[in-house]
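Taking it in order: structure first as structure tokens, then the write-up.
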Amino acid sequence: MSRGRTPTGSLFDPLADAYAAARPSYPVQVFTDLERIVDRSLAGADVVEVGAGTGIATRLLLDRGARVVPVEPGPGMLARLLERTPGLPVVRADGEALPFRGGVADLVCYAQSWHWVDVPVAAAEAARVLRPGGALAVWWNDVDAADLRWWQRQQERLELMSPGYRREYRSRPFADELRWTGHFSEVVTLTGRWQRRIGIDDYLTWQRSKSYVAAIGDRLEDFLDAERRTVLRAFPDGIVVEPFRTLLVIARVPPG
Ligand SMILES: C[S@@+](CC[C@H](N)C(=O)[O-])C[C@H]1O[C@@H](n2cnc3c(N)ncnc32)[C@H](O)[C@@H]1O
């Protein structure tokens, strides 16, 4: 079973309410960059979106006219997705075993979820379901605050309180990992920077929605109280300005 899974679904199922309430969305640049690199509009594209969660990226893809089939192992996350976007043909499954015929998708997308799968297995699955010339696109929002004291204090606390947590946990050579699989003829990496303003209570809900914050367990409320104090020292008006860096990696399978 992959690391993000539990016997009944996903590690994220108990976090679905906090997730739906306060997770950051994705900047429009992700989608314009994606359309530019794959040289086609998302309108009318057949998209398999894996690790769809509560549907944050799903709705953005739908807004651009894509035909999206969300894939998600967690029933709690899928329930939130369907509450917000009823009627979609969702599939409860794992990115390492996609229940689709080969050659049916123009795009396979993973928003904030590729780090949960085993790369050689999930890349082979994505390449299998893609049409010739199709693309796997994986992206993440990462907080871009390494030089900000309030964020350093948070990371220090997490490294002490959350078992196994390291702030570099997503610093992997994602593009090289995809090249090394041998399934893709072209791999491109793009980054963008943006920020959001979020009230302190929503900010703390966003913290609660993270799997490594939930892993703190019995001391979760202590962590959140300390967070509130540190963050309010940096933002006394209670509006947190949170900088993000979005990383987008696009890997294309060879044309026919
Ligand atoms: C951080 S959430 C991202 C959700 C959504 N894509 C978004 O942008 O908000 C990660 C999602 O990946 C899912 N996930 C974990 N392991 C997975 C796997 N092996 N295959 C597919 N999805 C997985 C989780 O259930 C969770 O919904």
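Quick note on numbering: the sequence shown equals residues -5 to 250 in the numbering used here.
Where a beta carbon is used, it is the ideal one built from N, C-alpha and C, also for glycine.
Because the structure is a prediction, the values reported are computed rather than measured.
CA-to-CA distance, residue 194 to residue 131, given in whole angstroms: A direct Cα-to-Cα measurement between residue 131 and residue 194 gives close to 32 Å.
Close Cβ partners of residue 159 (< 7 Å) along its chain, the five nearest in sequence each way excluded: Answer for residue 159: 152, 153 and 206, listed in chain order.
For residue 113, the first and last residue of its enclosing alpha helix (DSSP H): Going by DSSP, residue 113 is part of the alpha helix (DSSP H) stretching over 113 to 123.
Whether residue 92 touches residue 117 by CB criterion (9 Å): Cβ atoms of residue 92 and residue 117: not closer than 9 Å.
Residue-level contact to chain B via CB, residue 234, 9 Å cutoff: This model lacks chain B altogether, as it is built from one protein chain only.
Continuous alpha helix (DSSP H) stretch holding residue 194: start and end: For residue 194, the uninterrupted alpha helix (DSSP H) run begins and ends at 194 to 202, by DSSP.
DSSP state of residue 41 mapped onto helix, strand, coil: Here residue 41 sits in strand by DSSP.
Neighbour-count burial assignment, residue 230, 16 or more Cβ in a 10 Å radius: Exposed, because fewer than 16 other Cβ atoms sit within 10 Å of the Cβ of residue 230.
Cut-off 7 Å between Cβ atoms - residues of its own chain near residue 25, not counting five sequence neighbours on either side: If we look at residue 25 and ignore the five residues flanking it on each side, its Cβ neighbours are 36, 54 and 58.
Within 9 Å, strictly: CB atoms of residue 180 and residue 125: No, Cβ-Cβ distance for residue 180 and residue 125 is not below 9 Å.
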